[in-house]
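Some notes on the structure that comes next.
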Amino acid sequence: MNLGAPATRTQKSTVAIVDDDPSVRKAISNLCESEGFDVVAFSSTAEFLRWSIPETPVCMVLDVRMPGENGLDFQVELAKSHAEIPIVFVTAHGDIPMSVRAMKAGAIEFLTKPFRDQDLLDAINGGMAKSRMRRNALEMNAELEARYQSLSNREREVMDLITKGQLTKQIAATLNLSEITVKVCRRQIMTKMQANSMLDLGRMSEKLERMRSGPAEHQ
3 MNLGAPATRT QKSTVAIVDD DPSVRKAISN LCESEGFDVV AFSSTAEFLR
53 WSIPETPVCM VLDVRMPGEN GLDFQVELAK SHAEIPIVFV TAHGDIPMSV
103 RAMKAGAIEF LTKPFRDQDL LDAINGGMAK SRMRRNALEM NAELEARYQS
153 LSNREREVMD LITKGQLTKQ IAATLNLSEI TVKVCRRQIM TKMQANSMLD
203 LGRMSEKLER MRSGPAEHQ
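In this text, residue positions in the sequence shown follow this note's numbering: the first is 3, and each later residue adds one.
Here you go:
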């Protein structure tokens, strides 16, 4: 399973249906296609894992119970692999504990068959919005990281000290540089990072730290 790059709002969204019942797959496929979604359908989670996830927002419609499989367990596996795909669960045999478990683990919705078409579409649209937001966050994070990587090693050292609150004279003493050199580095840093102020630069530094310590959805 390959994760693609972030998508723009104008790109198509894909609904991935995972259900062992061909009639259910067909019905949901027809419904989603009628709403303009791209659709892929799988009879098992193993089939889904062989799919290359596109560079567009994706929402999964997942059956809870399939032969030899448990959709709730698969939800946990996906989360562990950092494949942050919004999931809408559908089941003919749901109960409250299952629903609570799914929602606590981040599911968009837990629908019991038969369900209203509009309820499913509302849930899918909610999942697409979440997927789009996450991909946009990934795109912005990648852009920020690219700006940081454009800095020289010396500029990164200066930026680190700037964001820790050191003044020009202190930075010069710490790095054994002239104050003029520090000022030149600071101008270069502000330009390359596209920071409008020192406060802005500090926020960027904090975000870079968060990016290195946790998944994108927490940024």
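Glycine is no exception: its CB is placed at the ideal position from the N, C-alpha and C atoms.
Item: Give, in chain order, every unbroken run of the alpha helix (DSSP H) that is at least 4 residues long and sits entirely within the region 80-131.; Value: 98-106
Item: Tell me whether Arg214 sits in a helix, a strand or coil according to DSSP, three-state version.; Value: helix
Item: Pull up the distance between the alpha-carbon of Ile173 and that of Leu163, whole angstroms please.; Value: 7 angstroms
Item: Just to confirm, is the Cβ distance from Ala94 to Ile110 under 8 angstroms?; Value: no
Item: Taking Phe91 as the reference, which of Pro116, Met195, Met192 has the closest Cα?; Value: Pro116
Item: Please report the straight-line C-alpha distance between Arg134 and Pro59, rounded to a whole angstrom.; Value: 5 angstroms
Item: Look up Val66 in the DSSP assignment and say whether it is helix, strand or coil.; Value: coil
Item: Along the chain, where does the beta strand (DSSP E) containing Ala197 start, and where does it finish?; Value: Per DSSP, Ala197 belongs to no beta strand (DSSP E) and is neither H nor E.
Item: Can you check which of these residues, Glu35, Gly73, Ser36, Met195, is closest to Phe50 by C-alpha distance?; Value: Gly73
Item: Using only alpha-carbon positions, find the residue among Ala131, Ser25, Ser154, Ser207 that is nearest to Gln190.; Value: Ser154
Item: Less than 8 angstroms between the C-beta atoms of Pro69 and Asp22, yes or no?; Value: yes
Item: Along the chain, where does the alpha helix (DSSP H) containing Arg16 start, and where does it finish?; Value: A quick correction: the sequence has Thr, not Arg, at residue 16. First-last for Thr16: 16-20, but that is the beta strand (DSSP E), not the alpha helix (DSSP H).
Item: Going by other Cβ atoms of all chains shown within 10 Å of its Cβ, with 16 needed for buried, is Leu122 buried or exposed?; Value: buried
Item: Check this for me: beta carbons of Met62 and Ala107, under 8 angstroms apart or not?; Value: no
Item: Provide the residue(s) that pair with Asp40 in DSSP beta bridges, ordered along the chain.; Value: Thr16
Item: Using three-state DSSP, classify Ser207 as helix, strand or coil.; Value: helix
Item: For Asn72, does the three-state DSSP call read helix, strand or coil?; Value: strand
Item: Under the three-state reduction of DSSP, which class applies to Ser25: helix, strand or coil?; Value: helix
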